[in-house]
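Asks: Letter 63 of the sequence shown, counting from 1, is numbered 842 in our numbering, and no numbers are missing.
After the structure tokens below, expect a handful of questions from me.
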Amino acid sequence: MDRARFLIRRSLALLLLAAVGLATALGIEWLKEAFFSSLAGTGVSWARVAGGLVLFFGGLAFLGGLIFYRDAKRNYLQPRFLKWYRKKMRSRNARGADASTRRAGARSFPTKTPRP
Numbered sequence: 780m781d782r783a784r785f786l787i788r789r790s791l792a793l794l795l796l797a798a799v800g801l802a803t804a805l806g807i808e809w810l811k812e813a814f815f816s817s818l819a820g821t822g823v824s825w826a827r828v829a830g831g832l833v834l835f836f837g838g839l840a841f842l843g844g845l846i847f848y849r850d851a852k853r854n855y856l857q858p859r860f861l862k863w864y865r866k867k868m869r870s871r872n873a874r875g876a877d878a879s880t881r882r883a884g885a886r887s888f889p890t891k892t893p894r895p
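Right, dumping it as structure tokens:
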């Protein structure tokens, strides 16, 4: 059962990466077509340029964020980026744990006494 679940998860992850890669390639294709149509003198489809930019930079940002997240988990980042990432994760985990452990309507009390 665990092996089948593992294979399904890996297959879905591969399909997601393939879909993002295809969207990025489609964005490059639309930008290329807009560029060459402007050189041919037939005019530029600005909707195609805008769509191409969104697809290209969206796919690039997704893949870059995925690689950054993977490298941060494996401690492959430079110390300045690793320090920023760990600080961000600590604050995110503190907010998530605080919100999930509280009951609805319960009052929260500070654990430390505030300094004057």
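Note that CB positions come from ideal geometry on N, CA and C, so glycine has one too.
Taking Cβ positions, are V828 and L810 nearer each other than 8 angstroms?
Replies: yes
Asks: For A813, is the classification buried or exposed, using 16 other Cβ atoms within 10 angstroms of its Cβ as the cut-off for buried?
Replies: buried
Asks: Evaluate Y836 with the Cβ neighbour count: other Cβ atoms within 10 Å of its Cβ, from every protein chain shown; 16 or more gives buried, anything less gives exposed.
Replies: For the record, residue 836 in the displayed sequence is Phe; it is not Tyr. F836 comes out exposed.
Asks: Do you know whose CA, among F815, N854 and G800, lies nearest G838's CA?
Replies: Checking every option, the nearest Cα to that of G838 belongs to G800.
Asks: If I follow the unbroken alpha helix (DSSP H) through G822, where does it start and stop?
Replies: Unbroken run through G822: none, as it is neither H nor E.
Asks: Indicate whether L845 and N854 have their beta-carbon atoms separated by less than 8 angstroms.
Replies: no
Asks: Excluding the 5 residues flanking T803 on each side, which residues of the same chain have their C-beta closer than 7 angstroms to its C-beta?
Replies: By the criterion of a C-beta distance shorter than 7 angstroms, T803 is surrounded in its chain by L834, F835, G838 and L839, once the five residues flanking it on both sides are discounted.
Asks: For a quick check, are the C-beta atoms of Y864 and A873 less than 8 angstroms apart?
Replies: In this structure, A873 does not lie closer than 8 angstroms to Y864 by Cβ.
Asks: How big is the Cα-Cα spacing for R859 and V823?
Replies: 43 angstroms
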